[in-house]
Amino acid sequence: MYLSAVQGCSDCSLPGSMKEQKNNFVLSLGANTSKCNLETSQTESPTCWAEATRGGPEVVIVPVLFGLIFLLGMMGNTLVLVVLGRFRPGGRPSHSATNIFILNLSIADFSFLLFCVPFQATIYSLPEWIFGAFFCKWVHYLAMATMLVSIFTLVAMSVDRYIAVVHAKRSPCIRSKRNAALGVAVIWLLSLLIAIPVAQHQALMSGHQQAPNSSFCWEHWANGSTAKQMYKITILLVGYLLPLLLITCCYAKVLYHLHTKVKNISKKSERSKKKATHYAEMSCCVLPAAGTPPDLDGTDYIEEHHVLFCLLIF
Numbered sequence: 001m002y003l004s005a006v007q008g009c010s011d012c013s014l015p016g017s018m019k020e021q022k023n024n025f026v027l028s029l030g031a032n033t034s035k036c037n038l039e040t041s042q043t044e045s046p047t048c049w050a051e052a053t054r055g056g057p058e059v060v061i062v063p064v065l066f067g068l069i070f071l072l073g074m075m076g077n078t079l080v081l082v083v084l085g086r087f088r089p090g091g092r093p094s095h096s097a098t099n100i101f102i103l104n105l106s107i108a109d110f111s112f113l114l115f116c117v118p119f120q121a122t123i124y125s126l127p128e129w130i131f132g133a134f135f136c137k138w139v140h141y142l143a144m145a146t147m148l149v150s151i152f153t154l155v156a157m158s159v160d161r162y163i164a165v166v167h168a169k170r171s172p173c174i175r176s177k178r179n180a181a182l183g184v185a186v187i188w189l190l191s192l193l194i195a196i197p198v199a200q201h202q203a204l205m206s207g208h209q210q211a212p213n214s215s216f217c218w219e220h221w222a223n224g225s226t227a228k229q230m231y232k233i234t235i236l237l238v239g240y241l242l243p244l245l246l247i248t249c250c251y252a253k254v255l256y257h258l259h260t261k262v263k264n265i266s267k268k269s270e271r272s273k274k275k276a277t278h279y280a281e282m283s284c285c286v287l288p289a290a291g292t293p294p295d296l297d298g299t300d301y302i303e304e305h306h307v308l309f310c311l312l313i314f
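All residue numbers for the sequence shown refer to full-length UniProt numbering, where the first residue is 1 and numbers rise by one.
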């Protein structure tokens, strides 16, 4: 999640041991990112390094924005938990399939806000990564996993709405608490497995000749860019295109059923119909807006999309 702030710095020299990795790589310096060319002479490196480490307004602005996102996200998700915990007339909280999915969505966002946002904010304000190798892997891994959990949960909720409206007679049997809990378990398992390459290829690196004692959290694919491109394409398909297609199809069928199949509905049902329409429109807009396909050549893009994703949901 590194912001490209330095446009004038295009050439820096690197240690000889890194020349075999690739011709160009991204050097992350807090809020600054500079493309370093291995062919650059030693005399040009100090000037480039000095320009890259100056920082800019984003060093202050971005952490402040992340702080606001953290507070708003925590407040929004806390309200969700309070609403879900309200007691029904019978004296027990509601644990419907829909509420289980909403609770899971809230837990995923809580995890991202607590374990990812604070660390990501420091990338913009500090000149190096200070949290060690474990958190270098863990923060990026959890960011990817929780984003996938959120997206897959939205898909599950759209399928849940489709079954409840279009197949109302079979709905009580299919939309049971047991099936919802099983669905949540599958969602987390798939998300954690799909995110494993992020942990494998996120590494703590040091030894730059201009900052030999500094460490940076970099995305590093030792086998070249082919595997990286394949993984990015997989994330694009599994985490964006297929969920978008499923959500759109489910709510299209729900709206079609409500507007053509349901006759002589009451005022209460009419309100429910409008509510379902509004929810369908919102769900079909959130994913395209927050999960816009990233540049497949870029690195560390996923956190920005997840931050926007959390904001749009709440």
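Note that the Cβ used here is the ideal one computed from N, Cα and C, for glycine as well.
C-beta atoms of residue i and residue j nearer than 8 Å
i: S191; j: A145; result: yes
i: L129; j: F216; result: Per the sequence shown, the amino acid found at residue 129 is Trp instead of Leu. Result yes, Cβ atoms of W129 and F216 sit closer than 8 Å.
i: Q202; j: K137; result: yes
i: T139; j: I187; result: As written in the sequence, residue 139 is Val, which differs from the Thr given in the question. Against a cut-off of 8 Å, the Cβ pair of I187 and V139 comes out as no contact.
i: A143; j: F66; result: no
i: A133; j: L204; result: yes
Cβ separation of residue i and residue j, assumed to be a contact under 8 Å, to the nearest whole Å
i: V155; j: H257; result: V155 to H257, Cβ: 19 Å. No contact.
i: S171; j: I163; result: 5 Å
i: V80; j: I102; result: 7 Å
i: P127; j: S214; result: 7 Å
i: V238; j: I194; result: 7 Å
Nearest residue (CA-CA) to residue i, options the options
i: E219; options: I123, Q200, I233; result: Q200
i: A222; options: V238, G239, V198, P243; result: V198
i: T98; options: C116, F134, S111, M157; result: M157
i: F112; options: C250, M74, P243; result: M74
i: P63; options: S96, C116, A252; result: C116
i: A185; options: W138, F152, S214; result: F152
i: L255; options: R161, E58, M147; result: R161
i: L114; options: N77, T234, L236, P57; result: N77
i: E58; options: L68, A180, S125; result: S125
i: R178; options: L72, L189, S96; result: S96
i: L182; options: N104, I61, V83; result: N104
i: Y231; options: I196, L246, S206, K169; result: I196
i: M147; options: L68, A168, I235; result: I235
i: I123; options: V60, L189, S206; result: V60
i: L72; options: G85, V83, F110, L84; result: F110
Reduced DSSP secondary structure (H/G/I, E/B, other) of residue i
i: S96; result: coil
i: W218; result: strand
i: A199; result: helix
i: L126; result: coil
i: S176; result: coil
i: Q42; result: Caution applies to Q42, whose pLDDT of 43 falls short of 50 and renders its modelled position unreliable; the value that the coordinates give is listed next. It is helical.
i: L242; result: helix
i: K22; result: Confidence is the limiting factor: at K22 the pLDDT is only 37, short of 50, which leaves the residue's position unreliable and the question unanswerable from this model.
i: L68; result: helix
i: K232; result: helix
i: S111; result: helix
Proximity test, Cβ basis, 8 Å: residue i and chain C
i: I102; result: Of the chains in the structure shown, none is chain C; there is only one protein chain.
| query | Counting only runs that start and end within the region 128 to 158, where is the alpha helix (DSSP H) found for 4 or more residues in a row? | reply | Runs of the alpha helix (DSSP H) spanning 4 or more residues and lying entirely within the region 128 to 158 do not occur at all.
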